[in-house]
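Right, one structure below, let's go through it.
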Amino acid sequence: MRYIDVYRQVKSDILSGKYAANSRLPYVVELMRLFCAGKCTIQHALNLLKKEGLVQGVQSKGTFVRQLNEIPVYNSSKRVDRIGFLSLVDFIGGMSLPYFAEICIGATSELQQNALPYFLIGCNNKTIFEVIKEINSLELNGLITIELDNDIFRREIECLPMPVVHVDMLDFNCKGRMIVGNNIQGGELALRKLFILGHKKILYLNHYSTRRKRIEPMGKIRWEGIKKEAEKIRLTGVVHRAVSMEKEKAEKEIDLFLGKYKDCTGLIVSSSILFNYVKAVLERRPKQETKDFDVVVFECFNSPEYINEKPVLSCQWDGKLMGRTAVNTLLKKGKEYPKIQYLPMFLQTP
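If you're matching positions, the sequence shown starts at 5 in this note's numbering and goes up one per residue.
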């Protein structure tokens, strides 16, 4: 086993509570047996955990788990007046994604109306301790995460002594409040529309994370809505397949699935990034071959989209409202907000 795999597993066990704060980790020899790994591998993994601050070595006694709340965090005021936006998505690149841009525009305009400063913190390839250093240096006391698709990182963030609101991420284990689109409703709407248009065979394309080897969570929820609607209208010809997020690999997989399920003339696509890959694949084909296709994509497009000059349907939600709601929830303005707020979805036709 590689040292990075040992590190990730032990870190996950610490954050899940398997190894409690102040408890001793198994000795190196025990970890070697547990992970079937060599001494150097285990020591390298422990060094990473020490560097990150999750554990500390005590001479002649072993390696002990630190308490996350031992990390000093700036929070001088009970009033939330300096807000940080956290995301694994690069903020500059993310603004090219319509839904991401809409959320940011809605949130920042609301903060500007309240004359409150805000700061953007990219979290990709950073440890929680690096992020906390940024939070401290900026003297933040309220956080809004956007599509923070990393359950361990979210758990770490929620240990900080300040309010947190998660946007576009649904995790029932979260302590913070969440604001998401009603993705089950969206899945129902998408399937119903294609059925009304006459499609009896429908392919739903979702994507998986190559790095984390799992299907994108919002896409899974949309599939639940699609299945629910299919049962309601007694439609059996619905297929769910996941493809890579890497362009070249994704396009090959899409081409493969479109060939395998050639009777599926209705397509539901779970994101704008995946839609771009689907569009590229279909537009390499003759127009006559794609004329019977209808496509629904989950995205807040600002302008009409077409594939081979045929309009694309989009299943949308109000991204600006999502951003504004996140700010008002964080500031607790107007009323007490429920733990999870679902914003309605709707179909947009060009």
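Don't be surprised by glycine CBs; every beta carbon is placed ideally from N, CA and C.
In this structure the segment 158-170 lies against the segment 178-189, because at least three pairs of beta carbons, one per stretch, are closer than 8 Å.
When Cβ pairs closer than 8 Å are counted between the two stretches, the segment 159-167 is seen not to touch the segment 95-102, the count staying below three. Following the DSSP letters along the chain, one finds HIS244 in no alpha helix (DSSP H) but inside the beta strand (DSSP E) bounded by residues 242-247. Rounded to whole angstroms, the separation of the alpha carbons of LYS224 and ALA105 is 23 Å.
Counting only residues of its own chain and dropping the five nearest sequence neighbours on each side, ARG86 has a CB closer than 6 Å to the CB of PRO121, GLU143, LEU144, ASN145. Listed in chain order, the non-local C-beta contacts of ILE272 below 6 Å within the same chain comprise ALA194, TYR208, VAL300, local neighbours out to five positions each way being set aside.
DSSP places ARG328 in the uninterrupted alpha helix (DSSP H) bounded by 323-335. By the criterion of a C-beta distance shorter than 8 Å, ILE277 is surrounded in its chain by LEU101, HIS211, MET249, once the five residues flanking it on both sides are discounted. Boundaries for THR149: no alpha helix (DSSP H) harbours it, while the beta strand (DSSP E) harbouring it runs 146-150, taken from the DSSP string.
Inclusion of GLN345 and THR353 in the CB contact set at 9 Å is not warranted, their separation being larger than that value. For THR67, the enclosing beta strand (DSSP E) covers residues 66-69.
Within the same chain, and ignoring the five residues on either side of ASP259 in sequence, the residues whose Cβ sits closer than 6 Å to its Cβ are VAL285. Here THR240 is exposed. Its C-beta has fewer than 16 other C-beta atoms within 10 Å. Residue nearest to GLY270 within the set PHE297, GLN292, ARG245, GLU252 is PHE297 (criterion: CA-CA distance). Only residues of its own chain outside the window of five on either side were considered, and among them LEU347 have a CB closer than 7 Å to the CB of ASP322, listed in chain order.
The criterion of a C-beta distance shorter than 9 Å is satisfied by GLU160 and LEU19. About 16 Å separates the Cβ atoms of ILE206 and ALA246, ruling out a contact at the 8 Å cut-off. Contact between GLN60 and ARG70 is confirmed by a C-beta separation of about 6 Å, below the 8 Å threshold. Taking the Cα of CYS304 as reference, the smallest distance to any Cα among LEU58, SER275, ASN280, THR329 is reached at SER275. Taking GLY190 as the centre and dropping the five residues before and after it, the same chain places the C-beta of ARG226, GLY229, PHE302, CYS319, MET349 closer than 7 Å to its C-beta, in chain order. Spanning the alpha carbons of LYS231 and ILE237 requires a straight line of approximately 10 Å. Under the 10 Å beta carbon count, GLY42 is surrounded by fewer than 16 other beta carbons and is classified as exposed. The alpha carbon of GLN117 has as its nearest neighbour, out of LYS336, ARG328, ARG37, LYS343, the alpha carbon of ARG328. The bridge partners DSSP lists for PRO315 are TYR310.
In the three-state reduction of the DSSP assignment, GLN345 falls in the strand class, which pools E and B. Considering only CYS108, HIS48, ALA24, SER16, the residue with the shortest C-alpha distance to LEU325 is CYS108. Around the beta carbon of ALA119, a 10 Å sphere encloses fewer than 16 other beta carbons of the protein chains shown; the residue is thus reported as exposed. Measuring C-alpha to C-alpha distances from VAL184 to each of CYS40, GLU257, ALA330 identifies ALA330 as the nearest. Counting only runs that start and end inside the segment 154-219, the alpha helix (DSSP H) elements of at least 4 residues fall at 155-161, 187-200. Ranking GLU235, PRO308, LYS197, MET36 by CA distance to the CA of ARG6 puts MET36 first.
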